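S.K.: If you scroll down you'll find the structure; I have some questions about it.
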């Protein structure tokens, strides 16, 4: 019932109560309860605990005397980090008091009662689980965070936090030394003498490309065993409600849902978790269009999906309307598109601008083609027009293979380009508004042997993983390009690859054919950056992906092999590619202080507040 049973609805105190009218609850219009004269609760100073993990703080709400004190901690969230408040008493009231500042995270909390003997702590074959101990391991953990769309942390802070007795940070590594999984757990009893004797698990994630099946379960089992040895009663974790795959796994392992809420501050990094409902057909968009819609909605720009299969959006802010297709917009002229569409034209424009390109020719008769092959050595054969690596053959060395490669390319375009094969790293440089925004090394698809499965089976499994991680955008085709690459390495598709041996199965590094991409923005040599910007200006294109072959990202030697008029903005985490694209489209929405989530957030110098003086400092 509304109101207090000992009080009248009219507003006068019940006879004999002595309550002043200022403290009474009354019933407002429409039956809505309201407080006539609310009193501000004066809470004593709180020793509340907030543990800085580098990527953000874990704010333990149950340790604060009053929720207003937790609010002050959350308001101090550092830009580029994500603070998380859990176990806050009356979290719904807290959010109702500050609806413009905070929100309840759309996540569920699951609890594993200990001991959990049903979860095996044994890792998969060829995997070792140890505590985080080195800066290289911390760097690898950050790389996994970034590839999974998570907030990264300064590597030295990860190490510092991992060294605390209240924290256990585990890493899973292959026999090659490659880190393929990580998990962090906080011991509440050790951190703040938790009367519930619990713990909480954070940042459980694995490498989407290289982690063996069952690794996440093994990490959980290892932590459960170690927490049991410490005498802990349970371990909690929070998972987004739409992560149905993870939830199924947790339930199968014995986790049960508990009514604990997570509260976060409304900030750009959390936008997708609290913004208004997306437009009609939003779910039909591919990842490259969806991130543009996300960034536009974050800024209050109206988004309409005009063609979901095409990835086309109508963006509106006041009287300013612009159409986009992924990273292609009305700002790119038809002429600029034509220059990028035909690779022969791209070569002429870049060469005239004084930029380095590989030697090449348009495929002619067999004699001319063979003569070019003899003069330049191994070549690359590609359709003059096309994208996503279709019809490209790399490493052609003899006239017969050349004829076959040209026929393959002509299936996609009647005009075929033959270029010398220049050794080096395949680097995509993303240029927006004639400024380098991101750079990444692209590497061909590879598989890791387990001593059990055939190469064909390994490729199939890896292809499924890549497809799942990229929304179906990246898959390894089982065509002659793959079989030839495997054969050139001395293997057949039916061979069993020895455990721990890595085999490259494609010559091209295109994402769409299973290639992987690795951020090298910070290492890009100025000569390469200048060449990419010069190329964008020569092509007169506002957004482009310049493909470069270079000795290394930090070396000046290069040739430009291609320019893409619709580069994938989603392939360059943690660089602010989408932010810069929307800055270009709607410059009035650009923030002069907006910075890249570079994986090294601005350092904070906060105390990790705790009831135990031994918990005094965690610098970040």
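Residue numbers (our numbering): 173 to 792.
Here a beta-carbon is modelled for each residue, glycine too, at the ideal position from N, C-alpha and C.
Source: prediction; values computed, not measured.
If you reduce the DSSP assignment to three classes, tell me which class residue 492 lands in.
M.R.: strand
S.K.: What does residue 407 pair with, by DSSP beta-bridge criteria?
M.R.: 284, 371
S.K.: Within 8 angstroms, do at least three Cβ pairs link the region 715-729 to the region 480-490?
M.R.: no
S.K.: Hey, which unbroken runs of the alpha helix (DSSP H) at 4 residues or more fall wholly within the region 530-571?
M.R.: 538-548
S.K.: Sort out for me which residues DSSP pairs residue 257 with in a bridge.
M.R.: 231, 435
S.K.: Round the Cβ separation of residue 696 and residue 608 to the nearest angstrom and send it over; I've been treating them as touching at under 8 angstroms.
M.R.: 7 angstroms
S.K.: Leaving out the 5 sequence neighbours to the left and right, which residues in its chain are closer than 6 angstroms to residue 356 when beta-carbon positions are compared?
M.R.: Same-chain partners within the cutoff: 341, 374, 375.
S.K.: Counting only the same chain and skipping the five closest in sequence on each side, list residues whose C-beta sits under 7 angstroms from that of residue 324.
M.R.: So the qualifying residues of the chain are 227, 314, 317, 318, 746, 771.
S.K.: Once the 5 residues before and after residue 521 are set aside, which same chain residues still bring their CB inside 8 angstroms of it?
M.R.: 511, 710, 711
S.K.: Using C-beta distances below 8 angstroms, list every residue in its chain close to residue 266, excluding the 5 sequence neighbours before and after it, in chain order.
M.R.: 239, 242, 243, 260, 274, 435
S.K.: Cβ of residue 502 within 7 angstroms of Cβ of residue 494?
M.R.: Yes, they are a contact pair.
S.K.: Could you spell out the range, first to last residue, of the alpha helix (DSSP H) harbouring residue 460?
M.R.: Residue range 459-470 is occupied by the alpha helix (DSSP H) that includes residue 460.
S.K.: Whole angstroms are fine: how far does the CA of residue 610 sit from the CA of residue 476?
M.R.: 28 angstroms
S.K.: Cβ atoms of residue 291 and residue 125: under 7 angstroms apart, would you say?
M.R.: The shown model of the chain, from 173 to 792, leaves out residue 125, and the question about it has no answer.
S.K.: Given residue 263, which residues of its chain have a CB within under 6 angstroms of its CB, disregarding the five upstream and five downstream residues?
M.R.: 433, 435
S.K.: What are the partner residues of residue 502, as DSSP defines its beta bridges?
M.R.: According to DSSP, residue 502 bridges with nothing at all.
S.K.: Just the C-alpha distance for residue 214 and residue 220, rounded to the nearest angstrom, thanks.
M.R.: Any reading at residue 214 must be qualified, since the residue scores a pLDDT of 45, below 50, and its modelled position is unreliable; no value is offered.
S.K.: With DSSP as the reference, identify every bridge partner of residue 615, one or two as the case may be.
M.R.: 688
S.K.: When you compare the region 302-312 with the region 343-358, are there three or more beta-carbon pairs, one atom per stretch, that lie closer than 8 angstroms?
M.R.: Between the region 302-312 and the region 343-358 there are three or more C-beta pairs closer than 8 angstroms, enough to call the two in contact.
S.K.: Is residue 350 helix, strand or coil by DSSP?
M.R.: Residue state, collapsed to three classes: coil.
S.K.: Please name the residue in 573, 656, 682, 582 whose C-alpha comes closest to that of residue 559.
M.R.: 682
S.K.: Between which residues of its own chain and residue 279 is the CB-CB distance below 7 angstroms, once the five residues before and five after are set aside?
M.R.: 410, 411, 412, 413, 434
S.K.: Is residue 730 near the ligand HEM, in the sense that its beta carbon is under 6 angstroms from a heavy atom of that ligand?
M.R.: Only the bare structure without any ligand can be found here, which leaves the ligand HEM out of the picture.
S.K.: Shortest alpha-carbon distance to residue 612 belongs to which of 722, 358, 251?
M.R.: When the alpha-carbon of residue 612 is set against those of 722, 358, 251, the nearest one is in 722.
S.K.: So what's residue 637 in DSSP terms, helix, strand or just coil?
M.R.: In the structure shown, residue 637 sits in a helix (DSSP, three-state: H, G or I).
S.K.: Considering just the uninterrupted stretch of the beta strand (DSSP E) at residue 223, what are its terminal residues?
M.R.: 221-224
S.K.: Report buried or exposed for residue 233, applying the criterion of at least 16 other Cβ atoms within 10 angstroms of its Cβ.
M.R.: buried
S.K.: Where does residue 794 sit, in a helix, a strand or coil, going by DSSP?
M.R.: Residue 794 lies beyond the stretch modelled for the chain, which goes from 173 to 792, so this question has no answer here.
S.K.: Within 10 angstroms of its Cβ, does residue 652 collect 16 or more other Cβ (buried), or is it exposed?
M.R.: exposed
S.K.: Exposed or buried, which one is residue 305 when buried takes at least 16 other CB atoms within 10 Å?
M.R.: exposed
S.K.: So for residue 713, helix, strand or coil by DSSP?
M.R.: Collapsing the DSSP output to three states places residue 713 in coil.
S.K.: Check this for me: beta carbons of residue 692 and residue 677, under 7 angstroms apart or not?
M.R.: no
S.K.: Could you check the C-alpha separation between residue 765 and residue 482 for me, to the nearest Å?
M.R.: Residue confidence is low: residue 765 scores 43 on pLDDT, short of 50, so the model does not pin down where it sits. No coordinate-derived value is stated.
S.K.: Indicate whether residue 600 and residue 614 have their beta-carbon atoms separated by less than 7 angstroms.
M.R.: yes
S.K.: Should residue 554 go down as buried or exposed, given a rule of 16 or more other Cβ atoms within 10 Å for buried?
M.R.: buried
S.K.: Do you know offhand how far residue 362's Cα is from residue 370's?
M.R.: 9 angstroms
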